[in-house]
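Numbering of the sequence shown is given in our numbering, commencing with residue 602 and proceeding in unit increments.
In this text, a Cβ means the ideal position worked out from N, Cα and C, and glycines have one as well.
As the structure is a computational prediction, the values presented were derived from the model and not from experiment.
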Amino acid sequence: MSLRTIFYSLPSSWRFLARRLYYLPTDWWELAAGKRAPLQPPKGLIYTGGGDFLKEGSRLLERFVRIGGLQPHHQVLDIGSGIGRVAIPMTPYLNKRGFYEGFDVVELGVRWCQEHISRRFPNFQFQYVPLANDLYRKDGTDAATFHFPYGENQFDFVIANSVFTHMLPKEVDNYLKEIQRVLKPGGKCYATFFILNAASISLMAEQPDFQFRHDHGHYRLFDEKVKAANVAFEEDYLIRELLNANQLKAVETHYGYWCGRNKEACEDFQDFVLVEKLKSL
Ligand SMILES: C[S@@+](CC[C@H](N)C(=O)[O-])C[C@H]1O[C@@H](n2cnc3c(N)ncnc32)[C@H](O)[C@@H]1O
Numbered sequence: 602m603s604l605r606t607i608f609y610s611l612p613s614s615w616r617f618l619a620r621r622l623y624y625l626p627t628d629w630w631e632l633a634a635g636k637r638a639p640l641q642p643p644k645g646l647i648y649t650g651g652g653d654f655l656k657e658g659s660r661l662l663e664r665f666v667r668i669g670g671l672q673p674h675h676q677v678l679d680i681g682s683g684i685g686r687v688a689i690p691m692t693p694y695l696n697k698r699g700f701y702e703g704f705d706v707v708e709l710g711v712r713w714c715q716e717h718i719s720r721r722f723p724n725f726q727f728q729y730v731p732l733a734n735d736l737y738r739k740d741g742t743d744a745a746t747f748h749f750p751y752g753e754n755q756f757d758f759v760i761a762n763s764v765f766t767h768m769l770p771k772e773v774d775n776y777l778k779e780i781q782r783v784l785k786p787g788g789k790c791y792a793t794f795f796i797l798n799a800a801s802i803s804l805m806a807e808q809p810d811f812q813f814r815h816d817h818g819h820y821r822l823f824d825e826k827v828k829a830a831n832v833a834f835e836e837d838y839l840i841r842e843l844l845n846a847n848q849l850k851a852v853e854t855h856y857g858y859w860c861g862r863n864k865e866a867c868e869d870f871q872d873f874v875l876v877e878k879l880k881s882l
């Protein structure tokens, strides 16, 4: 059993507590020595993944501009806004006409962002939505029927970074329908996935640590007990049944190194797709 599998097997509240305790000495020291940037959460609260939190956020912003065409006056929606990794580097980027909305199912992250980001930058708003996700919380309502609390054609740019990799097909289908509704005509969406195709399946077979062993036809799970731990989608199903069927078009796909591709040749660990709204449904 890998460390990752053991970590996923813990109840989500234990995982949050374990992280808090593990980083407590570092977090105290950083606070006492004034080593933490003003808009940087303590390490023990960063439940959204490893790596250098601020650098990773800046890297994402650079990519949204370079590949996604994000502009400072844009209206931005960040689905699964976590604890502000995407929002923080955007605070000096968006201008007075620009606006950022984020929502997430983990209250701790949303409250931190409201307190630390929205207070200083009122054009950054965050909402807590108590939806079920067995990786992040023990209860909640069904994301497959969730109606985004925004109007039609409201956003120029929608982000789902490392979110659909933790959601099941019916939920992703509903979210893509909602993205189509809230995107302006010509608007773009940046979304990450684990994409299963002949190349990724064959490469993945050679690296035992990151495998999607549980085959459900057009999608596979990393862990059968914690379904949202990691979810991978078969490429044809993703393009036709999830994107095209919801009047969304994949304009660019960049494959990641999660399955064992050469890291130097990839933009990121996960695959990402730049999606365009085709027309109103
Ligand atoms: C790996 S984290 C990524 C967070 C953030 N996008 C980032 O890049 O830092 C996945 C996030 O998705 C959120 N999430 C999971 N299910 C969700 C859902 N149905 N709707 C919105 N957010 C969800 C989790 O709470 C978590 O914050």
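{"Asked": "Taking 7 Å as the cut-off, does the CB of F704 come closer than this to any heavy atom belonging to ligand 1?", "Found": "yes"}
{"Asked": "Thinking just about the alpha-carbon of each residue, which of I802, E807, N762 is nearest to the one in F665?", "Found": "N762"}
{"Asked": "According to the neighbour-count rule (16 or more other Cβ atoms, all chains shown, within 10 Å of its Cβ), is Y609 buried or exposed?", "Found": "buried"}
{"Asked": "Indicate the three-state DSSP secondary structure (helix, strand or coil) for Q808 in the structure shown.", "Found": "coil"}
{"Asked": "Is the beta carbon of L732 within less than 7 Å of some heavy atom of ligand 1?", "Found": "yes"}
{"Asked": "Give a yes or no on whether the C-beta atoms belonging to N820 and A833 are separated by under 8 Å.", "Found": "For the record, residue 820 in the displayed sequence is Tyr; it is not Asn. Contact: yes."}
{"Asked": "Tell me which same chain residues have a C-beta within less than 6 Å of the C-beta of I780, skipping the five on either side of it?", "Found": "V759, C790"}
{"Asked": "Let me know the beta strand (DSSP E) ranges lying completely inside the segment 836-873, each 3 residues or longer, listed in chain order.", "Found": "849-855"}
{"Asked": "Please list, in chain order, all residues of the same chain as G681 whose beta carbon is under 6 Å from its beta carbon, the five residues on each side excluded.", "Found": "D705, V764"}
{"Asked": "What do you reckon, is the C-beta of V687 under 7 Å from a heavy atom of ligand 1?", "Found": "yes"}
{"Asked": "Confirm the yes/no value for this check: CB of E868, any heavy atom of ligand 1, distance under 7 Å.", "Found": "no"}
{"Asked": "Of all the options L646, R738, E631, Q755, which has the alpha carbon lying nearest to the alpha carbon of P612?", "Found": "R738"}
{"Asked": "Assuming A829 is part of the beta strand (DSSP E), what are its boundary residues?", "Found": "From DSSP, A829 is part of no beta strand (DSSP E); its letter is neither H nor E."}
{"Asked": "Could you check where the beta strand (DSSP E) with Y820 kicks off and where it finishes?", "Found": "820-822"}
{"Asked": "Is it buried or exposed, E772, if we count other Cβ atoms within 10 angstroms and call 16 or more buried?", "Found": "buried"}
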